[in-house]
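Numbering (this note's numbering), first residue to last: -14 to 294. Every residue, glycine too, gets a C-beta built ideally from N, C-alpha and C. Structure record follows, encoded as structure tokens.
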Amino acid sequence: MKKYFLLYTKGIAMGAADVVPGVSGGTIAFISGIYDELLRSIASVPEALFLLVRGRIREAWNKANATFLVVLLAGVLTSILSLARLITYLLEHHPVPVWSFFFGLILVSAYMVGRDIGRWNWSRVLSFLLGLGFAYWITVAAPVQWSDDPLTLFCAGAIAICAMILPGISGSFILLLLGLYATVLGAVKSLDLAVLAVFAAGCLVGILSFARLLSWLLSRWRDLTLAFLTGLMLGSLNKVWPWKETLSWRIDSKGEQVPLLQHNLLPTQFSAVSGQDAQLLLAIVLAIAGVALVLGLEWLARRKPQEAG
-14 MKKYFLLYTK GIAMGAADVV PGVSGGTIAF ISGIYDELLR SIASVPEALF LLVRGRIREA
46 WNKANATFLV VLLAGVLTSI LSLARLITYL LEHHPVPVWS FFFGLILVSA YMVGRDIGRW
106 NWSRVLSFLL GLGFAYWITV AAPVQWSDDP LTLFCAGAIA ICAMILPGIS GSFILLLLGL
166 YATVLGAVKS LDLAVLAVFA AGCLVGILSF ARLLSWLLSR WRDLTLAFLT GLMLGSLNKV
226 WPWKETLSWR IDSKGEQVPL LQHNLLPTQF SAVSGQDAQL LLAIVLAIAG VALVLGLEWL
286 ARRKPQEAG
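What follows is the structure, encoded as structure tokens:
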């Protein structure tokens, strides 16, 4: 039970991260030591379904590592359903401390992913630079406005879920770029089952396809893939930088004004431009807390196998 409770809490952390535009649940999975198992389990689901339709229920359950997936998914859903309102409130009223915490979390996570690379050479460096450039381009891309019809929501779900399991690329941020973040988060808050069902179907198709590809890449070209993921995570720091100036605004589905394009500032520039306190000391403390959380999760992940032995 202790093992499953710990897995459940990791799912809660993943769900909380996925709600925040700019932070990936895949990052949490990686630093908590369950990333490879998560990808293998998801990639095995189609084969497990084939066994299930042939009546081999127990074999199908084991093939998909279904206990692992169910417990983790329960944590993710618990977090999304319970924390959506809280995280929305914190991002609206206390953005600098929240972004500072996630900045520290992603920064140390990128170091830890890069540390797992066995040997650096020109191909690894090139892969790292490609990941860095791609993530940075994503963070500065101008948002578009997709419609919220069922087919579009299905496609958006398939795209966003791929980002959610990539360390460094946030599924929530992809939804922001597509102009559908407010629509999906609003459906979560109001439990709009019609919208959620279509979006979830897209997520299911996307994750089953992409997890198999990513798992294959990690098993075949692990160092190259890890170098790319390290670049993704470092490039995404541009999005979670705490001090920003809003250059343009948009009207969301509720008729409220929300930021569209933003520009990063130094803390002193932020105070001069906005007239608000940069909260530098609090930002540093929370960034360190993010670093400490990651190191603590790694310590727990390393300690568990030792205790089992």
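*Please report the Cβ distance between Leu161 and Val169, rounded to the nearest whole angstrom; I am assuming they are in contact, meaning their Cβ atoms lie under 8 Å.*
One-based indexing of the sequence shown puts residue 161 at position 176. One-based indexing of the sequence shown puts residue 169 at position 184. Between Val169 and Leu161 the Cβ distance is about 10 Å, and since that is not below 8 Å, they are no contact.
_Ala49 vs Val30 beta-carbon contact at 7 Å_ = Sequence index remark: in the sequence shown, residue 49 carries index 64 (1-based). Sequence index remark: in the sequence shown, residue 30 carries index 45 (1-based). The criterion of a C-beta distance shorter than 7 Å is satisfied by Ala49 and Val30.
*Give me the Cα-Cα distance between Ile72 and Arg39, rounded to the nearest whole angstrom.*
Along the sequence shown, one-based indexing puts residue 72 at 87. Along the sequence shown, one-based indexing puts residue 39 at 54. Whole-angstrom Cα-Cα distance: 44 Å.
*Gly0 - containing alpha helix (DSSP H), residue span*: On the sequence shown, position 15 is the one that residue 0 refers to. For Gly0, the uninterrupted alpha helix (DSSP H) segment begins and ends at -13 to 4.
_One question on the structure: do Leu(-8) and Ala196 come within less than 7 Å of each other, judged by their Cβ atoms?_
Indexing the sequence shown from 1 puts residue -8 at position 7. Indexing the sequence shown from 1 puts residue 196 at position 211. In this structure, Leu(-8) sits away from Ala196, with a CB-CB distance that is not shorter than 7 Å.
*Confirm, please, whether the CB-CB distance from Trp228 to Leu250 is below 7 Å.*
Reading the sequence shown from its first residue, position 265 is the one you call residue 250. Reading the sequence shown from its first residue, position 243 is the one you call residue 228. Going by C-beta atoms, Leu250 is nearer than 7 Å to Trp228.
*Under 7 Å, do Val93 and Val276 count as touching if we go by C-beta distance?*
By one-based count along the sequence shown, residue 93 stands at place 108. By one-based count along the sequence shown, residue 276 stands at place 291. Yes, Cβ-Cβ distance for Val93 and Val276 is below 7 Å.
*Identify which residue in Val4, Asn223, Val5, Ala28 has its Cα closest to the Cα of Val125.*
Within the sequence shown, numbered from 1, the residue matching residue 125 stands at position 140. Per the Cα distances, Asn223.
_Using only the alpha-carbon positions, how far apart do Gly294 and Asp208 sit?_
Along the sequence shown, one-based indexing puts residue 294 at 309. Along the sequence shown, one-based indexing puts residue 208 at 223. Interpretation of Gly294 is limited by its pLDDT of 43, a score under 50 that renders its predicted location unreliable; the figure taken from the coordinates is listed afterwards. About 28 Å.
_Whole-Å CB distance - Gly156 paired with Ala148, under 8 Å assumed_ = Walking along the sequence shown from the start, residue 156 turns up at place 171. Walking along the sequence shown from the start, residue 148 turns up at place 163. Confirmed, about 4 Å.
*Alpha carbon to alpha carbon, how far is Gly260 from Gly164?*
Taking the sequence shown and counting its residues from 1, the one referred to as residue 260 is at position 275. Taking the sequence shown and counting its residues from 1, the one referred to as residue 164 is at position 179. A direct Cα-Cα distance of roughly 29 Å separates Gly260 from Gly164.
_Cβ-Cβ distance between Leu217 and Gly118 below 7 Å_ = As a working note, residue 217 is residue 232 in the sequence shown. As a working note, residue 118 is residue 133 in the sequence shown. No Cβ-Cβ contact shorter than 7 Å links Leu217 with Gly118.
*Apart from the five residues just before and just after Trp284, which ones in its own chain have a Cβ nearer than 7 Å to its Cβ?*
Looking up residue 284 in the sequence shown gives position 299. Answer for Trp284: no residue qualifies.
*Identify whether Gln247 lies in helix, strand or coil by the three-state DSSP scheme.*
As a first step, residue 247 must be located in the sequence shown, where it is residue number 262. DSSP places Gln247 within a strand segment (E or B) once states are collapsed to three.
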